[in-house]
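Q: Residue numbers (the working numbering), protein chains in the order written: chain G, 16 to 492; chain P, 586 to 1042. We treat Cβ as the ideally placed atom computed from N, Cα and C, and that holds for glycine. As the structure is a computational prediction, the values presented were derived from the model and not from experiment. Can you read through this structure? Questions will come right after.
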Amino acid sequence: MLSLILLFIPLLASLLLLLTRGNTSRIVALAFTVVQLGATYYAYQVFKEQGFQPFDIQMVWVVKPAINLHFSMDGISMLMVILTNLLLPLIVLSGFNREIKRPHIFYSLMLLMQFALVGVFISFDGFIYYIFWELALIPIYFISFVWGSENRAQVTLKFFIYTLAGSLLMLFGFVFLYTGSPNHSLDWNILTSNPTCNCNQTWVFWLFFIAFAIKIPIIPFHTWQPDTYRSAPTQGTMLLSGIMLKMGTYSLIRWLIPIVPAGTKEWQAVAITLCVIGVVYASIIAIKQSDLKKLFAYSSIAHVGLISAGIFSLTLSGMQGSLVQMLAHGINVVGLFFCADIIFNRTQSYQVEGLGGIRLAAPKFATWFMVIVLASVALPLTNGFVGEIMLLYGIYQFNIWLGAFAGLTIILGAVYMLRMYQKVMLGESLMDGMNFPDLLWNEKVVLISIGIMIFVTGIYPKPILDLTEPAIKLLLK
Amino acid sequence: MNTLIFTSLLGFFCMVAEILNLRKLIGPVLVLGLALIFGLNQQDWNMNQTFYGMLQVDNFSVAFGSLAIFITLLVFILSSEYYADQEHHISDYMTILCFVLVGALMMFSFSNLTMLFLGIETLSIALYIMAGSKRFDKRSNEAGFKYFLMGAFASGFLLFGIALVFGSTGSFDIQKIAEYPILNSQNISPLYYTGIVLIIFAMLFKVSAAPFHFWAPDVYEGAPVLITAYMSTLVKVAAFAAFYKLVSAVFVYSTPHFEFVLNIAAILTLAVGNLMALSQTNFKRLLAYSGISHAGYLMLIILSSKSQPVAALLYYLLGYSVSTIAAFAVAMPVFKAANSENIDAFNGLGTKKPVLAAALSIAMLGLAGIPPFMGFFGKYFIFTEALQNGFFITTIVAIVGSMIGIYYYFKVILAMYGQPANEVKVETTFNYNLVLWVCLAISLALGLYPAPIVNLF
Chain G
16 MLSLILLFIP LLASLLLLLT RGNTSRIVAL AFTVVQLGAT YYAYQVFKEQ GFQPFDIQMV
76 WVVKPAINLH FSMDGISMLM VILTNLLLPL IVLSGFNREI KRPHIFYSLM LLMQFALVGV
136 FISFDGFIYY IFWELALIPI YFISFVWGSE NRAQVTLKFF IYTLAGSLLM LFGFVFLYTG
196 SPNHSLDWNI LTSNPTCNCN QTWVFWLFFI AFAIKIPIIP FHTWQPDTYR SAPTQGTMLL
256 SGIMLKMGTY SLIRWLIPIV PAGTKEWQAV AITLCVIGVV YASIIAIKQS DLKKLFAYSS
316 IAHVGLISAG IFSLTLSGMQ GSLVQMLAHG INVVGLFFCA DIIFNRTQSY QVEGLGGIRL
376 AAPKFATWFM VIVLASVALP LTNGFVGEIM LLYGIYQFNI WLGAFAGLTI ILGAVYMLRM
436 YQKVMLGESL MDGMNFPDLL WNEKVVLISI GIMIFVTGIY PKPILDLTEP AIKLLLK
Chain P
586 MNTLIFTSLL GFFCMVAEIL NLRKLIGPVL VLGLALIFGL NQQDWNMNQT FYGMLQVDNF
646 SVAFGSLAIF ITLLVFILSS EYYADQEHHI SDYMTILCFV LVGALMMFSF SNLTMLFLGI
706 ETLSIALYIM AGSKRFDKRS NEAGFKYFLM GAFASGFLLF GIALVFGSTG SFDIQKIAEY
766 PILNSQNISP LYYTGIVLII FAMLFKVSAA PFHFWAPDVY EGAPVLITAY MSTLVKVAAF
826 AAFYKLVSAV FVYSTPHFEF VLNIAAILTL AVGNLMALSQ TNFKRLLAYS GISHAGYLML
886 IILSSKSQPV AALLYYLLGY SVSTIAAFAV AMPVFKAANS ENIDAFNGLG TKKPVLAAAL
946 SIAMLGLAGI PPFMGFFGKY FIFTEALQNG FFITTIVAIV GSMIGIYYYF KVILAMYGQP
1006 ANEVKVETTF NYNLVLWVCL AISLALGLYP APIVNLF
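Encoded structure:
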């Protein structure tokens, strides 16, 4: 029941928002996301009291072909739902004090997106899962397209076609599994307990892998990502990078590995190598970027590459590290893009070269920006550190050389992040008569909450590990 | 049978109304009458009657008949608005439209090849006239003439095929024809095969499948927009239902020979429809090619007729029809205001009329097959059926086709939201909005809960 409530609050909010206008829309959206966050917290408490037993709900939707409304929340799903519902209020709040055209539609789409995301994370029937997966694409397409900046038409269409092409491959995989499964069902339990014959596992693996690799994105399927992040409105970018790409990494754990275990084992080395190449490649490209948003986009590719590599190591620490890092990366990347937005809001520029000396004008902003930068270069005591160490250890267990190679991300990450910070925030101002007011109230709330989360999960990550351990162990068996 | 009789009477009333000076009554009587006929049609559910070995009213004909009547009802509601400024012709137009429906109803319930031929001809001849009904417009004349010439050719094929089948089997009755290859499995006459191939060619023409599709874009483009809406939905429903009935009832015992022909046609249709749609700038041509590509997906159902996928066929056709009619219900007022039928007539509709733009976006998403709309489930059912029957490569072509499809359906959405608005003021009326929202509600409701249709068969 709780999972259904968590699913339908955003949908209800999304419909109600269409009736509001102007500034009320922002407040209504914020109120609903906060209520949703409260409900999530309550669900988490209940979940803990029940000893981490999954919430399970099954209802018949269509008899022939058999499709069940099967929703379930184990530790992994719970963590992803927490991530989604934790970030949404912050994303909504970051739009206060900014000019947004037709805010009621904008926020309505955003909450529709939340509905779809929660749906993806709790669906346990392949068909329902696919529907939510596709549904998530529609609002984000319109958010990026209608409210985006220059070049948006080409960029967003490329994004849409790219990801939909991947989804159709996955659909083909699902249809194939459906025709082959013993009682014609796509239920997660049935699919995982009756894996398809080894002769088919290879190509089914690649169908699903490419679909997820496009969404994550893993190199070489990443070409849609930097441009889309660049041209989408900041809140769209936050949704995309903070939550939506976690759909891909989550699906690797939830669907790809349990459904085609033999295929995964066979192609593990190739997949992990692709991921690690992506980590290093994206880090090097990030060093050369002069556009803030693009720099963060490439750093995001590097981080999720490491997360995916950890997942494909198929070790306990790799998997758990990936989940910790998904949460951490979600929080940090939203913070980074928000900082970029604050800079753009004051200077109308994302260009690293033209900025400088902001610290003198806005010391509070400089402090919190620093905290987020340090967290994303994985300084000890921040949330980035715990996940990254576990991930690297997982990859190291798989292959020592790959582990060492992936470890470069820490050095390269420090290079591009700290260089960026130095050029943008320190030194003398390069702009004549720059007017850079310090943080507004909503910006303070967002950045301080992100800062608190960075330290809390960095110093005390045990609850996350406890939450996910039973589910991961079950998967690895 | 009652359905057929009362629909004909309705058409007859429209004709007489002109003489009796009851022109004002035509609109309300038609809508009311069709609604009654729709109800009457439901009475035949589970009745299974045969009339003199000519017509057979069973659940198949009732289901598709209801769909056809529903489409006609929507088109009639649109037509009272569309023909508002040419009232002196209304009785002619309405009569002819009624007889299109009569033809379609015959095509669903034939149990004798002569009735099939009569049904197709009644439907086609009425549409030849309607395609050319804008008398002073060159394109409309071209459309009518082209449709007539090509259609006459196809009818010739059909008739010749029926004659050859009759020559070899000695009967027009579909059951007897179906039994023929089983009873005479040793010496099947070559006339029989030739006849069936000719019939298949004629049906491929009617459903606008490649390589017999060339008429569709020109005719769709030239015909008045209301007629295009009617043609692209009702004709597709009628032709595919009849085609399915033919294949499943008559040819199923001799499929191995024809599977190959149909398979090649399906792949060609998918490729041609999707690839040619990419470069279109005229909205009606775009929908024509999209219709061809949808014919390609539906061909997969015809191919898998061994496993009786009637529900999938009905579901897909309903989903396709409501999305297409919704698209036209937005396009009609826009075209009228902009005096152009190109995609750029929609430029900036997103800022001028956000609700209309959202509606057209939903229709386009439905056609592209994106959940939660009916188009998605329809495609899913089709792919499953095709895979279960082992049409592996054709399914892959169909999936690639749907990827390409996104691009051209999104061209319309891009125009609405991405282009600066033009000066033209668009005004819609109650009738357009009614049809539009009924269609979208169906597309969403049955997309979320397909059981009512899927469990029919």
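Please list the residues of the stretch 55 to 79 of chain G that have a C-beta atom closer than 8 Å to any C-beta atom in chain P, keeping them in chain order.
A: Trp76, Val77, Val78 and Lys79
Q: If we require 4 or more residues per run, which alpha helix (DSSP H) segments fall completely within the stretch 103 to 137 of chain G?
A: 118 to 137
Q: Closest to Val285(G) by CA distance: which of Phe139(G), Phe224(G), Ala168(G) and Arg434(G) is it?
A: Phe224(G)
Q: Quick one: which unbroken alpha helix (DSSP H) runs of 4-plus residues sit fully inside the stretch 898 to 977 of chain P? Chain order, please.
A: 934 to 937, 939 to 953 and 959 to 973
Q: When you compare only the Cα positions, how much space is there between Val919(P) and Ser793(P)?
A: 27 Å
Q: Which residue comes first and which comes last in the beta strand (DSSP E) that contains Leu370(G)?
A: For Leu370(G), no beta strand (DSSP E) segment is defined, and its DSSP state is neither H nor E.
Q: Glu443(G): which of Phe380(G), Arg374(G), Ile316(G) and Glu64(G) sits nearest, CA to CA?
A: For the set Phe380(G), Arg374(G), Ile316(G) and Glu64(G), the Cα lying nearest the Cα of Glu443(G) is the one of Arg374(G).
Q: Please identify, using Cβ separations under 9 Å, the residues of the stretch 349 to 366 of chain G that lie next to chain P, in order along the chain.
A: none
Q: How long is the line joining the alpha carbons of Ala763(P) and Gly181(G), rounded to whole angstroms?
A: 44 Å
Q: Grab me the residues of Phe730(P)'s own chain with a C-beta within less than 7 Å of its C-beta, minus the 5 sequence neighbours each way, in chain order.
A: Gly717
Q: Quick one: is Leu883(P) near chain G, going by C-beta distance under 8 Å?
A: no
Q: Looking only at its own chain, which residues have a Cβ that is under 6 Å from the Cβ of Phe136(G), when we skip the five neighbours before and after it?
A: Ser92, Met95 and Val96
Q: What are the uninterrupted segments assigned as alpha helix (DSSP H) that are 4 or more residues long and contained completely in the stretch 393 to 449 of chain G, given in chain order?
A: 398 to 413 and 415 to 440
Q: Over what stretch of residues does the alpha helix (DSSP H) that includes Gln73(G) continue unbroken?
A: Element bounds for Gln73(G): not the alpha helix (DSSP H) but the beta strand (DSSP E), Phe70 to Val77.
Q: Hey, does Ala228(G) have any beta-carbon neighbour from chain P nearer than 8 Å?
A: no
Q: Which of the three DSSP states is assigned to Asn772(P) in this structure?
A: Three-state DSSP puts Asn772(P) in coil, outside helix and strand.
Q: Return yes when the Cβ of Ala862(P) is within less than 8 Å of the Cβ of Ser878(P), no when it is not.
A: yes
Q: Using beta-carbon positions only, say whether Met125(G) and Leu254(G) come within less than 8 Å of one another.
A: yes
Q: For Leu500(G), name the three-state secondary structure that DSSP assigns.
A: Outside the shown range of chain G, which is 16 to 492, sits residue 500(G), and nothing can be said about it.
Q: How is Ser182(G) classed by DSSP in three states: helix, strand or coil?
A: helix
Q: Short check: CB of Phe420(G) to CB of Val291(G), under 8 Å?
A: yes
Q: Closer than 8 Å by C-beta to Lys488(G): which residues in its own chain qualify, once you throw out the five before and the five after it? Chain order, please.
A: Leu331
Q: Note down the Cα distance separating Gln893(P) from Ser833(P), rounded to an integer number of angstroms.
A: 8 Å
Q: Counting only Cβ-Cβ distances shorter than 8 Å, please list the residues of the stretch 914 to 937 of chain P near chain C, keeping chain order.
A: No chain C is part of this structure, whose protein chains are labelled G and P.
Q: Over what stretch of residues does the beta strand (DSSP E) that includes Ile82(G) continue unbroken?
A: Ile82 to Met88
Q: Rounded to a whole number of angstroms, what is the C-alpha to C-alpha distance between Leu605(P) and Val161(G)?
A: 55 Å
Q: What residues from the stretch 134 to 150 of chain G come within 7 Å of chain P, judged by C-beta to C-beta, listed N to C?
A: Ile146, Glu149 and Leu150
Q: Beta carbon of Gly134(G), beta carbon of Leu22(G): below 8 Å?
A: In this structure, Leu22(G) lies closer than 8 Å to Gly134(G) by Cβ.
Q: So the candidates are Glu806(P), Ala808(P) and Leu831(P); which of them puts its Cα closest to the Cα of Ile784(P)?
A: Leu831(P)
Q: Give me the Cα-Cα distance between Ser696(P) and Phe636(P), rounded to the nearest whole angstrom.
A: 9 Å
Q: Which one or two residues does DSSP pair with Gln634(P) in a beta bridge?
A: Val642(P)
Q: What is the DSSP secondary structure of Ser464(G), reduced to helix, strand or coil?
A: helix
Q: Based on Cα-Cα distance, which residue from Glu458(G), Gly90(G) and Trp270(G) lies nearest to Thr483(G)?
A: Gly90(G)
Q: Strictly under 8 Å for the Cβ-Cβ distance: is Ala651(P) near chain G by that measure?
A: Correcting the residue identity first, residue 651(P) is Ser in this sequence and not Ala. Judged by the 8 Å Cβ criterion, Ser651(P) is not in contact with chain G.
Q: Taking a contact to mean a Cβ-Cβ separation below 8 Å, would you say Asp306(G) touches Gln366(G) in this structure?
A: A contact, by the Cβ cut-off of 8 Å.
Q: Quick one: list the residues of chain P neighbouring Thr194(G), beta-carbon separation under 8 Å, in chain order.
A: Thr969, Leu972 and Gln973
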